[in-house]
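Residue numbers (this note's numbering), protein chains in the order written: chain A, 2 to 440; chain B, 2 to 440.
Number of protein chains: 2
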Amino acid sequence: MAAAARPARSETTGIGLLGLGVVGSAVARAIVGRHGSGDPNVPLTVRAVVVQDPQRKRAVDLDRSIISTDADSVIANPEVGIVVELMGGEDPAFDYISRSLNGGKHVVTANKEVLCKRGGELLAIAAENDVQLLYEASVGGGIPIIGPLMNDLTANRIQSIRAIINGTTNFILTKMAHEGADFNDVLAEAQSLGYAETDPTADVDGFDSLYKISVLARLAFHTEVSIDAIHREGIRGVHAKDFRYASELGFTIKLLAVAQANEKSGLLTRVHPALIPLSVPMASVNGVLNAVEVEGDLVGRLWFQGPGAGPEPTASAVLGDILRIVRGGPGASTRADVPAPFDIASMDDHVCQYYLRLTVADRPGVLASIAKVLGDADISIGSVLQKDIDPENESADLVIMTHPAREANMQNAVSSLKRLDAVMRLDSLLRVETYPSRS
Amino acid sequence: MAAAARPARSETTGIGLLGLGVVGSAVARAIVGRHGSGDPNVPLTVRAVVVQDPQRKRAVDLDRSIISTDADSVIANPEVGIVVELMGGEDPAFDYISRSLNGGKHVVTANKEVLCKRGGELLAIAAENDVQLLYEASVGGGIPIIGPLMNDLTANRIQSIRAIINGTTNFILTKMAHEGADFNDVLAEAQSLGYAETDPTADVDGFDSLYKISVLARLAFHTEVSIDAIHREGIRGVHAKDFRYASELGFTIKLLAVAQANEKSGLLTRVHPALIPLSVPMASVNGVLNAVEVEGDLVGRLWFQGPGAGPEPTASAVLGDILRIVRGGPGASTRADVPAPFDIASMDDHVCQYYLRLTVADRPGVLASIAKVLGDADISIGSVLQKDIDPENESADLVIMTHPAREANMQNAVSSLKRLDAVMRLDSLLRVETYPSRS
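Here's what the structure looks like:
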């Protein structure tokens, strides 16, 4: 730290990076780029970087001597004022972040998993140590959504957040919708393009969306939602046929992450594929784009959209948080005006229309027996389509749209439907997302 | 100020309101509502209100004794810590805001006109006095756009801002597009619905959009753009026919406010009706909605959309700024990392495709003479439609889409075209908004 290198107006802030993958490299490049080109008043310097393999070639030009495998070279480094955690996962990230905070360092992270699972603890540790834990990059890549919820929308009681916050699944579902392709074929294509991991579980089974919506819910509703309390379904069960039928009915299918609260029923958080009316903006969020719709009591319905992933957009969010700390903004931990948390609502009480696709025996009386089961469960049928009659197997597709019904009733009905002789298979049960009109 | 009324954890912040119209009343209601219902840690109290007519009935229940016509009851009131200016216009707002700032009070304003015309001076006064001047409500109603530019996106060099930020004109253009209606009829309807003023000049001639884009440009590009340097055209010249032809060509028409910068040509700020490809999201922003698209070098293209006006959305932004000050956030004036301003680019150098609608004599050789004029001005024709032949007047509509051309060349060509015998009238000259694809 040559004193002569310091600009006149303020001290250099030392950055320590935990992780130097594509995002870490983009953050490092942006820091090096800014420092060298016109922002002498907010000098940042990368002081130490922790990686798993110090020999690997990196997409940024950094002094080799600051790169090591020893986490303490960042966490315990007195020259590091801000620790940037880009490793992902719960362990050892929790340990590294908490030790950094306890050591009086600010932390910026893009790690939705550790924030979901241990974020409450980490924010408390940050508050105890009077340092900041910022995490704009953890949800929606470069889209400012944490910042607006933390700073700009604080006058509102947030009523709902609806989001498409997983680019991989949105890419897959968009391809399926536009090309009539099957899930497995599109997944393979996404994997070959680098949009999906070799093990796609975190994305396609909805875990990534779950982590992110829980991070948004904690912030917007001041409520800790345990993972077990979040309804989660992935997209493996969505078939090409469902897109065809949904489209005939005026819908497309998206993996939605939703958190909705009201004073009476509490906070419901859910991740599942949903039928979206083609007329609402969410239906047009295609490919790897992310979108977050926030509804507040004063502001009404707001819409934030942008690239939800990628090294540069994520670096935009990470570096934005770093600059926020350097400029001395207030952290989440400095909020004094936190209202009481909501109760946790049960998915059983969720009410929506349902889309049911069944393979049934193609013979008289079948619809009557199915309608009876639904009626007994207090579920009214809105419309029925019979499709794709298969003479060989004497079967047909039956697509039923219900009127709004309680989830618990539908689950009961599903159990009974599966026991009906005439029902050869329950292929799909999808929820229709309800957009209440604002008066 | 009874000390006993103060909550334990922090002092009450006194709010002074300049103006108590629909927005001021909504702000006052929100303050009273919060104070009474669950946010005891950020206590706010309305201490004084300045109005023109103290006898008028207001949509909020306030102690009459704090309402007066004397501006000093707010500006010079030692119990007022934050002045909220909701009067609009340059005078006397500039005087009131600057005196408040000089008196050590923070100011929150929704006044785009005074910010456009005198914002640079006011921000300097705020900085001198170490107080904040915040203005989220001045652009886009409740949409967080000032906050993201000021705080969340600071890691980016902003490249462009494209916005629909005037609800009145967007309501009118949407009606014209969907109903084939004429401007004057729709304006009358908008006036009867309260969406347009009796004197609609500020909206339909583009002044309101101009004020707002200049406020965004100052913040995003660190550059003062004088009103004279902003190209401004309103929507009075857009005809029902233009929507019909634009639609055939794959476009709709919106009043856009744009600020675009690059290192070479500088910053160009412009407000004008533009042809928007039906395939881009801006084409689907309908009615009184507002939308702002921000492009940054790291983050790529972001999209913010929501209700751009109305008392509650505006109150959301005003109260958000008040709470930001109470929580001790950094103001615009505390930014140290402000890069050098851009040069101001000339509209003459703007390059885009043009849509030309001419009423021409319906006889051979007309197109040849028009094509020659355009060719002489270095403008290539992309497509030509001949429409609505009128045998009685021996005239026809000629709709020309050009290839990208320089504005100065087009203005020269227009002068020459008007002198052609065959050209009976130049009805419309509209720019096509160019959306460069991001690789």
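We put the beta carbon where it would ideally sit given N, CA and C, even for glycine. On a predicted model such as this, the values are computed, not experimentally measured, just so you know.
Sort the options by Cα distance to residue i and report the nearest one.
i: isoleucine 98 (chain B); options: B:Val23, B:Leu18, B:Gln160; result: B:Leu18
i: valine 47 (chain B); options: B:Val61, B:Asp209, B:Ile32; result: B:Ile32
i: leucine 268 (chain B); options: B:Asp298, B:Gly235, B:Asp350, B:Leu194; result: B:Asp350
i: isoleucine 83 (chain A); options: A:Thr13, A:Ser210, A:Arg119; result: A:Thr13
i: glutamate 180 (chain A); options: A:Pro201, A:Leu217, A:His240, A:Leu430; result: A:His240
i: threonine 224 (chain B); options: B:Glu264, B:Gln53, B:Ala247, B:Phe252; result: B:Glu264
i: histidine 273 (chain B); options: B:Lys176, B:Ser429, B:Gly90, B:Leu63; result: B:Ser429
i: glycine 396 (chain B); options: B:Lys373, B:Ala409, B:Leu368, B:Leu375; result: Per the sequence shown, the amino acid found at residue 396 (chain B) is serine instead of glycine. Closest by alpha carbon: B:Leu368.
i: valine 289 (chain A); options: A:Ile166, A:Ser317, A:Val300; result: A:Ile166
i: isoleucine 144 (chain B); options: A:Ala138, A:Gly141, A:Thr155; result: A:Thr155
i: glutamine 261 (chain A); options: A:Asp298, A:Glu249, A:Asn394, A:Arg245; result: A:Asp298
i: asparagine 103 (chain B); options: B:Gln387, B:Asp73, B:Val132, B:Val400; result: B:Val132
i: aspartate 391 (chain A); options: A:Arg364, A:Ser416, A:Ala189, A:Ala341; result: A:Arg364
i: cysteine 117 (chain B); options: B:Val52, B:Leu220, B:Arg100; result: B:Leu220
i: threonine 253 (chain A); options: A:Pro278, A:Ser266, A:Met88; result: A:Pro278
Leaving out the 5 sequence neighbours to the left and right, which residues in its chain are closer than 8 Å to residue i when beta-carbon positions are compared?
i: arginine 237 (chain A); result: Phe184, Val205, Asp206
i: arginine 302 (chain A); result: Glu294, Val295, Glu296, Arg439
i: methionine 348 (chain B); result: His232, Leu269, Arg271, Glu408
i: asparagine 157 (chain A); result: Gly297, Asp298, Leu299, Val300
Just the Cα atoms here: how many angstroms apart are residue i and residue j?
i: valine 61 (chain A); j: glycine 25 (chain A); result: 9 Å
i: serine 381 (chain A); j: serine 370 (chain A); result: 14 Å
i: arginine 271 (chain B); j: arginine 163 (chain B); result: 10 Å
i: aspartate 422 (chain B); j: methionine 283 (chain A); result: 52 Å
i: proline 44 (chain B); j: glutamine 160 (chain A); result: 23 Å
i: alanine 191 (chain A); j: alanine 197 (chain A); result: 5 Å
i: arginine 65 (chain A); j: arginine 59 (chain A); result: 10 Å
i: serine 210 (chain A); j: isoleucine 147 (chain A); result: 15 Å
i: threonine 70 (chain B); j: aspartate 54 (chain B); result: 7 Å
i: alanine 333 (chain B); j: methionine 151 (chain B); result: Caution is warranted here: a pLDDT of 47 is assigned to alanine 333 (chain B), below 50, making its placement in the model unreliable, and no coordinate value can be reported.
i: glutamine 387 (chain A); j: methionine 411 (chain A); result: 21 Å
i: methionine 2 (chain A); j: glycine 15 (chain A); result: Because the pLDDT at methionine 2 (chain A) is just 33, under 50, the model does not fix this residue reliably, and the value given afterwards should be weighed accordingly. Computed Cα separation, rounded: 10 Å.
i: phenylalanine 244 (chain B); j: methionine 402 (chain A); result: 38 Å
i: valine 433 (chain B); j: aspartate 398 (chain B); result: 19 Å
i: valine 327 (chain B); j: leucine 276 (chain A); result: 43 Å
Can you list, in chain order, the residues of its chain whose CB lies under 6 Å from that of residue i, leaving out five sequence neighbours each side?
i: valine 352 (chain B); result: Pro405, Arg407
i: alanine 230 (chain A); result: Ile345
i: threonine 110 (chain B); result: Glu86, Tyr136
i: leucine 115 (chain A); result: Here residue 115 (chain A) turns out to be valine, not leucine, going by the sequence shown. The answer, listed in chain order, is Glu91, Ala94, Phe95.
i: glycine 121 (chain B); result: Glu225
i: methionine 88 (chain A); result: Leu19, Gly20, Ala94
i: lysine 113 (chain B); result: Ser139, Tyr212, Lys213, Val216
i: phenylalanine 305 (chain A); result: Ile144, Ile146, Val293
Does residue i come within less than 8 Å of chain A when only Cβ atoms are used?
i: glycine 37 (chain B); result: At glycine 37 (chain B) the pLDDT is 45, less than 50, meaning the model places this residue with poor confidence and gives no usable figure here.
i: aspartate 153 (chain B); result: yes
i: valine 300 (chain B); result: yes
When the cut-off is 8 Å and only beta carbons count, does residue i lie next to chain B?
i: phenylalanine 305 (chain A); result: yes
i: asparagine 157 (chain A); result: yes
i: alanine 182 (chain A); result: no
i: serine 334 (chain A); result: Confidence is the limiting factor: at serine 334 (chain A) the pLDDT is only 43, short of 50, which leaves the residue's position unreliable and the question unanswerable from this model.
Alpha helix (DSSP H) containing residue i: first to last residue?
i: lysine 113 (chain A); result: 113 to 129
i: glycine 321 (chain B); result: 312 to 328
i: serine 429 (chain B); result: Segment 424 to 433 is the beta strand (DSSP E) holding serine 429 (chain B); no alpha helix (DSSP H) there.
i: arginine 364 (chain B); result: Counting along the chain, arginine 364 (chain B) falls outside any alpha helix (DSSP H), and DSSP gives it neither H nor E.
i: glutamate 296 (chain B); result: It is not in any alpha helix (DSSP H) - glutamate 296 (chain B) instead sits in the beta strand (DSSP E) that spans 290 to 297.
Shorter than 7 Å, the distance from the beta carbon of residue i to the closest heavy atom of the ligand ADP, or not?
i: glutamine 261 (chain A); result: What this structure holds is no ligand at all, so the ligand ADP is not there to describe.
In its own chain, which residues sit with a C-beta less than 7 Å from the C-beta of residue i, not counting the 5 before and 5 after it?
i: valine 1 (chain B); result: The question about residue 1 (chain B) has no answer here: the residues shown for chain B are numbered 2 through 440.
i: threonine 170 (chain A); result: Asp204, Val205, Ile236, Leu256
i: glycine 37 (chain A); result: Since pLDDT at glycine 37 (chain A) reaches only 45, below the 50 mark, its modelled position is unreliable, and no value is offered.
i: leucine 63 (chain A); result: Ala29, Val47, Val50
i: alanine 372 (chain B); result: Ile382
i: valine 281 (chain B); result: Tyr436
i: lysine 106 (chain A); result: Val81, Gly82, Ile83, Val84, Val132
Along the chain, where does the beta strand (DSSP E) containing residue i start, and where does it finish?
i: arginine 163 (chain A); result: 159 to 165
i: isoleucine 277 (chain B); result: 267 to 278
i: glutamine 56 (chain B); result: Careful: glutamine 56 (chain B) lies outside any beta strand (DSSP E) and carries neither H nor E.
i: arginine 237 (chain B); result: Premise fails: arginine 237 (chain B) is in no beta strand (DSSP E) and is neither H nor E.
i: isoleucine 1 (chain B); result: Nothing can be reported for residue 1 (chain B), as the shown portion of chain B is limited to 2 through 440.
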